[in-house]
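Here is the structure we will look at, set down as structure tokens.
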Amino acid sequence: MKRQFYFSLPAVVIILAGLIGGLFAQNIQDSSLLTIDRIFASGEFRGDRFSQARWIENGDAYTMLEPAENQNTGRDIVKYETKSGKRSVLVSAGELIPRRGENPLGIADYHWSGNKEMLLIFTNTRRVWRYNTRGDYWVLNLKTKSLKQLGTSLPPSSLMFAKFSPDDAKVAYVSRHNLYVEDIATGNITQLTFDGTEELINGTFDWAYEEEFFCRDGFRWSPDGKTIAYWQIDASGIKDFLMINNTDSLYSFTIPVEYPKVGEDPSSARIGVIGAEGGETKWMQIPGDPKQHYLVRMLWDGNSKDFLVQQLNRKQNTNKVWLCKSGSGWAANVYTDRDDAWVDLVEDWLWIDGDKYYTWLSEKDGWRHLYLVSKTGDEEKLITKGNYDVIGIDDIDGKSGYAYFTASPDNPTQRYLYRIKLDGSGKAQRITPEDEAGTHQYQIAPGGKFAFHTWSDINTPPVTELVSLPKHKTIRVLVDNQRLKKAIAKLNLSPAEFFSVTTGDSVTMEGFMVKPPDFDPEKKYPVLFYVYGEPWRQTARDAWGAVILWMEMLSQKGYIILSLDNRGTPAPKGRAWRKSIYRKIGVINSRDQAMAAKKIIQWPFIDSTRIAVWGWSGGGSMTLNLMFRYPDIYSTGMAVAAVSNQFYYDNIYQERYMGLKSENPEDFIEGSPITYAKNLEGNLLIVHGTGDDNVHYQNAEALINELIKNNKLFQMMPYPNRSHGIYEGENTTRHLFTLLTDYLLTHVEPGGK
């Protein structure tokens, strides 16, 4: 007999709701659909990375870190022969156990001595601003198997930038802003400097130098190991910006950051040379007011008597090279590079031809090209010629007479390896295979015979392989990311596609677009623009990116995702493209973006009433500028960690691209989003970490006050004590992207109509 069921109306409603909810839950769990939890919490789409490989034996072998074979914890250092792939454990995790009963040392980084008989291990690290550059150092002697900690008389996790002397007998390092040299055999420690404080910094740098010039390691052994040249930064004139922590104790407390704002003098800098056994420092006699210049790079000559120093003036439109005599402090200006806008420091600075010439990158002819400059500056050779940019130098192979460099003459969204003869003859030869479109990175071995090659495009996770040069023949694949690729292949995705658009100002911009998987060209769709737009980076890159899966998730919900690079971004499109933004950040870049958007909303499948924009840092500033300056285009904006007032940012970055506050303050005001906050008409979400030491939370509060003054409604999300990356604390990243997703869904209806 069949059992009969009778339901009241409320029960029916409950059951129907349950069925609908079950169908909805089933849809959410559909393996072809992305969710916030799948992207940011599950680990399902976590890729493999190739890192911490070290070339040894002049490129005939290399070492890598791998999970320990005979220990429950720790990692082995494994050697691979380059050609054959023969594997052997060079240092086992068991050899890195300090005392019986303890775990092996956790290896954050490692370096070989010149003779490869000793290993320097960096462990127990601590963060200094953005990076973990403090910690403990240990030396393992591979012959005796002895493991010794360095600097045991100094505070734990206080050592920085330890490195072997050229004869491998000593290690130099910084602790508490002073320099030390330790004899490896005896353990004797010689303190070289004694005046280091929080404000007088020896052998490393202050916040601004680290952030804007990538200056962290502030000392260099001379090639003969008898002396050390080092930076001394005097930050005593820099005012503290106080961040407040309200959550980590019963009473709030402040966190001071030595931070030079726009218009404030930078820290003074000088470079000195001191004997490895101690003694007096000989300071280099580089002319100029030390508070009105920056000393940004140093390069020892092989004779151990001379070295070169790059000196940028306060406006950063002149880079002078000084030849310094380490014994006397004598300095002579032997080369100068200038620009009407700004000059970039030369990172790829290498000696060739027995230290007769050094490499130099300059935009003096309208393109960034490689030059060879003689030590005394009386001879200069242009090596790369033509209407294309050298993006970076990958290797100088003096033996074969070639320079290997990265460029992309035909497509500014991509990156490829080229080589050219060091005598400047002939044309550049592309080494990367023609059929591998995308972005390519290389770590070339000494001697230039082999390289670690990593390739990706915007739709393909990175693959790393070992290749031989110059024929670019694959020897073996090192990381293929097959697990991630298989996970992505199960998703219902619409591949990102690249396009270009020419604005009414005759500016052609490259961009990428992600359409919904069920895209119907007969319907009109909402758009989310992803922006940055300042000289620090591009967004329209044909490379796998950190937020591409979140963009794909939004496309699955019915949004078109777009991103374009405006004038002023560091695309390889020539000096005029990059430097047209000088003194016009916030103005020319936002206009380019808005004019491109005006063209795009004319496309038949774009809904001009549903246009949103979001960005982070400089992209947050761009978002604000677009919302305030072009409210007729953008209806919704999400600005993360934005600079609202250019006077609030650091002097090195902002003055480089905007000039000096004392000369043209009106440009800073004109470019600042806060100046136009009164024009807000659409929906605005402001997100900021209260512990942001880079773009201070001050920016958000100042903007809030301006919006309140003008009776403009908005939403705000502060993340307590989070830094510029807004990632610290449990569940933070997932929460942030849930917030952004929810705000977009609430204010911009998804789907085609």
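Residue numbering for the sequence shown is 28 to 780, as defined by this note's numbering. Note that the Cβ used here is the ideal one computed from N, Cα and C, for glycine as well. Treat the numbers as computed from the prediction; the structure is a model and nothing was measured.
Inset, instruction - On the DSSP bridge assignment, give the partners of Gly302 in chain order. - result: Thr254
Inset, instruction - May I have the straight-line CA-CA distance separating Asp275 from His715, to the nearest angstrom? - result: 18 Å
Inset, instruction - Leaving aside the five residues before and after Ile47 along the sequence, list all residues of the same chain whose C-beta is less than 6 Å from its C-beta, in chain order. - result: In this prediction, Ile47 scores a pLDDT of 37, lower than 50, which makes its location untrustworthy; no coordinate-derived value is stated.
Legend entry - Touching by the beta-carbon criterion (3+ pairs, under 8 Å), the region 248–263 and the region 292–304: yes
Legend entry - Backbone CA spacing between Leu766 and Ile63 [nearest angstrom]: 10 Å
Legend entry - Beta bridge counterpart(s) of Arg379 as assigned by DSSP: For the record, residue 379 in the displayed sequence is Ile; it is not Arg. Paired residues: Tyr384.
Legend entry - Environment of Leu277 [buried if 16+ CB atoms lie within 10 Å]: Exposed, by the Cβ-count rule.
Inset, instruction - Enumerate in chain order the residues of its own chain whose CB-to-CB distance from Ile627 is below 8 Å, with the five nearest sequence positions on each side excluded. - result: Val528, Val554, Leu589 and Ile633
Legend entry - Met685, enclosing alpha helix (DSSP H) - first and last residue: Residues Asn678 to Met685.
Inset, instruction - Would you mind listing the beta strand (DSSP E) stretches within the region 425–459 that are 3+ residues and don't spill past its ends, in chain order? - result: 429–434 and 443–448
Inset, instruction - Note down, in chain order, each residue of its chain lying with its Cβ closer than 8 Å to the Cβ of Leu707, except the 5 sequence neighbours on either side. - result: Met654, Phe655, Pro658, Leu734, Asn737, Lys739 and Phe741
Legend entry - CA-to-CA distance, Val490 to Gln509, given in whole angstroms: 9 Å
Legend entry - beta strand (DSSP E) segment containing Ala639, residue limits: Ile633 to Trp643
Legend entry - Closest Cα partner of Tyr557 within the set Ala514, Leu651 and Arg102: Leu651
Inset, instruction - List the residues that DSSP assigns as beta-bridge partners of Leu339. - result: Tyr321 and Asn346
Inset, instruction - Measure the CB-CB distance between Asn344 and Arg365 and report whether it falls below 8 Å. - result: yes
Inset, instruction - Decide if Tyr158 is buried, meaning its Cβ has at least 16 other Cβ atoms within 10 Å, or exposed. - result: When all chains shown are included, Tyr158 counts as exposed.
Legend entry - Secondary structure of Ile502, DSSP reduced to three states: strand
Legend entry - Neighbourhood of Asp382 by C-beta, 8 Å cutoff - its chain only, sequence neighbours within 5 removed: Asp328, Gly329, Asn330 and Lys402
Legend entry - Contained alpha helix (DSSP H) runs [length at least 4] in the region 697–760, N- to C-terminal order: 725–736
Inset, instruction - Kindly list the residues whose CB is nearer than 6 Å to the CB of Val361, restricted to its own chain and excluding five residues on each side of it in sequence; keep chain order. - result: Val348, Leu350, Thr403 and Gly404
Inset, instruction - On a CA-only basis, which of Leu511, Ile301, Lys342 and Asp392 is nearest Ser355? Give me that one, please. - result: Ile301
Inset, instruction - Check whether the Cβ atoms of Pro543 and Gly572 sit closer than 8 Å, and answer yes or no. - result: Going by C-beta atoms, Pro543 is not nearer than 8 Å to Gly572.
Inset, instruction - Report the rounded CA-to-CA distance for Trp577 versus Tyr443, giving the unit in angstroms. - result: 27 Å
Inset, instruction - Compare the Cα-Cα distances from Pro436 to each of Ala455, Arg153 and Pro182 and report the closest residue. - result: Ala455
Inset, instruction - Output the residue ranges of the beta strand (DSSP E) runs that lie fully inside the region 572–613 and measure 3 residues or longer, sorted by chain position. - result: Counting whole runs of 3 or more residues, the region 572–613 contains the beta strand (DSSP E) stretches 587–591.
Inset, instruction - Can you give me the Cβ contacts of Lys408 inside the same chain, cut-off strictly under 7 Å, excluding the 5 residues immediately before and after it? - result: Tyr398, Leu399 and Gly451
Legend entry - Per-residue burial, Gly306 [other beta carbons within 10 Å of its own, 16 or more giving buried]: exposed
Legend entry - beta strand (DSSP E) segment containing Ala199, residue limits: Lys197 to Ser202
Legend entry - Close beta carbons around Glu693, own chain, < 8 Å, minus the five adjacent residues each side: none
Inset, instruction - Leaving aside the five residues before and after Gly779 along the sequence, list all residues of the same chain whose C-beta is less than 6 Å from its C-beta, in chain order. - result: Asp547, Lys550 and Tyr552
Legend entry - Test item: CB-CB of Trp394 and Gly601 under 8 Å: yes
Inset, instruction - Note down, one range per segment and in chain order, each beta strand (DSSP E) of at least 3 residues found wholly within the region 114–141. - result: 114–118 and 136–139
Legend entry - CA nearest to the CA of Met580, picked from Ala523, Gly647 and Leu167: Distances from the CA of Met580 to each of Ala523, Gly647 and Leu167 were compared; the closest alpha carbon is that of Ala523.
Inset, instruction - With a threshold of 16 other CB atoms inside 10 Å of the CB of Asn616, please say whether the residue is buried or exposed. - result: Buried.
Legend entry - 7 Å CB neighbourhood of Gly709 in its chain, flanking five on each side removed: Met654, Pro658, Tyr661, Ser662, Thr663 and Gly664.
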